[in-house]
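To start, the structure itself, in structure tokens.
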Amino acid sequence: MRIPLILSLLLALAASAQAPAGRPRGGVVSQERLASEAGAQVLREGGSAVDAAVATAFALAVVHPAAGNLGGGGFLLSRSAGGRSSFVDFRETAPAAAHPRMWQKEGAYDEVRHHQSLAAVGVPGTVAGLREAWKREGRLPWARLLRPAIRLAREGFVLTENQAASLAEQLPAFHSHAPTLAQFSRKGEPYRAGDRLVQRDLARTLARLSKDWTEFYRGRTAALIVRDMKAGGGLITASDLRAYRPVRREPLRGTYRGLELLAAPPPSSGGQVLIETLNMLEGYDLKALGAGSPAAIHLAAEALRRAFADRAQHLGDPAFNPELPLARLLSKAHAAELRATISLERASASAPDRFTWPKDRPDTTHLSVVDRQGNAVSLTYTLEDSYGLKRIVPGAGFLLNNELGDFNAAPGLTDATGRIGTAPNLAQPGKRPLSSMCPVILVQAGAVFMVSGSPGGRTIPSTVLNTVLQVVDFGQDARAAVDAPRFHHQWLPDRLQVEADLPTATREGLKARGHVLKEVARQGCAQVILVKDGIARGAADAKRWPDSGVATE
């Protein structure tokens, strides 16, 4: 996934927030302050962590259109204070007309069709998924949770410099679709900071959903989606919409240095990559090597390289891959075998024709929530690319995803550029494309200890890994864990991505070990909460997305 908005709705509290001694306190952290405040107000009114996550997610669909959405999908991981865990998969599905070679034209791969056409739109799952989570764990009325989003869309909100710049950057793409241009510009001219963005069609859609959520799949909103598909050559039909169902799955479980991990199962690869990487790293004394040291980053990169190779070979929608060897991939024994192939001094070489090792802006959004009872939610959802297909549904006011771009390009098309052609993730009717979203909850002594997640496509598991290592191995608080320079390796292409503020000496140490470095300005947008003595203290990733914010209960 290029831009996972894996409901990157991370619930967190500000690191600086203080509460009276002994008084439990919850909070919400997300990529937009107005959305975080909508969720925190729900907590103040006695709502559950899931209530707050739902309210935050719907508000993000208004104030963070790059990834917040009604027209996308994602995953919601929750854990109750009593220890019950739950995972709702509301990933988009392929329409009935999908097939493994649908991205080829006259026998050649067609990247435009794969990522920029209405054929790339998956059946949206966000509305059904949020409703499914609320049905079991919500306390407040459904309509109450949509109220802030309706108000923000109907009355508008004042654009920050960051929001205005984000819309302006997408303006050339919006010009190709008149309704989208009308919604996100002033008659073709860019909005500026301080302008008010009003989205009346979106407000009307949200108002309908507050009364009857099913109308998204079989009512007026569904009819508007189908009309747009017919007009523009899309594949989604009324039958596809009626057939959509979210799926409740068992979270993946792992351990790391005595902590329990709850993470996303397939069709997300985030949990597999994270747990498998941590299993390998558990065999090293990272603390002794030092936070941010070339030696520690080298080992983490090599572990990521191997976990991503396993991802490419095996991962896909479990309903279409009954032989998926998940238990083996997550086992400590498998990690030990892979660890034995890692050199302490030299980088391995990745190759598209083998998965063995010799022994020697995508954009997504995440939110984290913890309530005063200790219940937690880690939610990531997305439209795939930033602003998805960059096309709203006329009359409905929400952006469509281009999530089917997460299916493999074509059978057998695995190459050094990072394209993957393995069978488990080829397009088929009703299939959910593989994701990298990685909502995670860490548990210590029976209570929630850490909630983390991030957007960022295939970089998501690496970003979450960075936050976990900073906290668990190097003893950092939430603020320091979020601010630390990040890195990423994904097997192919064979390069180690590093953020621009990684020190020169560290870069040179990595190059000396044989790593080819690619510098990026920023990676992901982590939203982290740490819980101690019943008080959630979190950090929003304003360093990488200035409008990120924490709101406390």
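In terms of mature numbering (1 follows the signal peptide of the UniProt record, and there is no 0), the sequence shown is residues -19 to -1, 1 to 534.
All C-beta atoms in this analysis are idealised placements derived from N, C-alpha and C, irrespective of residue type, glycine included.
Computed from a predicted structure; not experimentally measured.
- Rounded to whole angstroms, Tyr265 and Arg400 show a C-alpha spacing of 32 Å.
- Comparing alpha-carbon positions, the option among Arg488, Phe455 and Leu205 lying closest to Phe468 turns out to be Arg488.
- Counting only runs that start and end inside the segment 396 to 461, the alpha helix (DSSP H) elements of at least 4 residues fall at 441 to 453.
- In this chain, the beta strand (DSSP E) harbouring Arg234 covers Leu233 to Tyr237.
- For Leu280, the closest alpha carbon among the candidates Glu263, Arg292 and Ala293 is that of Glu263.
- Phe138 has its alpha-carbon roughly 9 Å from the corresponding atom of Gly175.
- Assigned with DSSP and collapsed to three states, Tyr198 falls in helix.
- Going by C-alpha positions, Ser331 is about 45 Å away from Ala19.
- Here Gly515 is not bridged, per DSSP, to any residue.
- Here Lys412 has Ala75, Asp298 and Phe301 as same chain residues with Cβ atoms under 6 Å from its own Cβ, once five neighbours each way along the sequence are excluded.
- Gly119 and Ala62 have their C-alpha atoms some 14 Å from each other.
- When secondary structure is reduced to three states using DSSP, Ala357 falls in the strand class.
- Cα atoms of Trp84 and Tyr90: separation of roughly 6 Å, rounded to the nearest angstrom.
- A distance below 6 Å between beta-carbons, with the five flanking residues on each side excluded, links Asp291 to the following residues of its chain, in chain order: Leu310.
- The closest CA to that of Gly495, considering only Gly427, Asp464, Glu283 and Ala517, is found on Glu283.
- Comparing alpha-carbon positions, the option among Pro246, Pro247 and Ile256 lying closest to Leu240 turns out to be Ile256.
- Of all C-beta pairs linking the segment 220 to 235 to the segment 184 to 201, three or more are shorter than 8 Å, placing the two stretches in contact.
- For Val43, same chain residues with a beta-carbon under 6 Å away, outside a window of 5 residues either side, are Ala130, Leu133 and Ala134 in chain order.
- The criterion of a C-beta distance shorter than 9 Å is satisfied by Ile422 and Leu243.
- If only complete runs of 3 or more residues are kept, the segment 96 to 127 shows no beta strand (DSSP E) anywhere.
- Per DSSP, the beta bridge partners of Asp70 are Phe56 and Val228.
- Annotated as distal: Leu285 and Gly103, with beta-carbon spacing of 9 Å or more.
- The bridge partners DSSP lists for Gln12 come to none.
- For Gln478, the beta-bridge partners assigned by DSSP are His469 and Lys499.
- Residue pairing of Ser29 in beta bridges, as defined by DSSP: absent, with no partner found.
- Pairwise C-beta distances place the segment 311 to 323 out of contact with the segment 25 to 32, as fewer than three of them are shorter than 8 Å.
- Distance from the CA of Val453 to the CA of Gln253, rounded to the nearest whole angstrom, comes to 19 Å.
- The alpha-carbon separation between Ile206 and Asn260 amounts to approximately 44 Å.
- The C-beta of Glu87 has fewer than 16 other C-beta atoms within 10 Å across all chains shown, which makes the residue exposed.
- Looking at the backbone, the Cα of Gly456 and that of Arg181 are separated by about 47 Å.
- DSSP, reduced to helix, strand and coil, places Gly49 outside both helices and strands of the structure shown, so it counts as coil.
- Within the DSSP secondary-structure output, Phe138 pairs in a beta bridge with Leu178.
- In the three-state reduction of the DSSP assignment, Gln85 falls in the strand class, which pools E and B.
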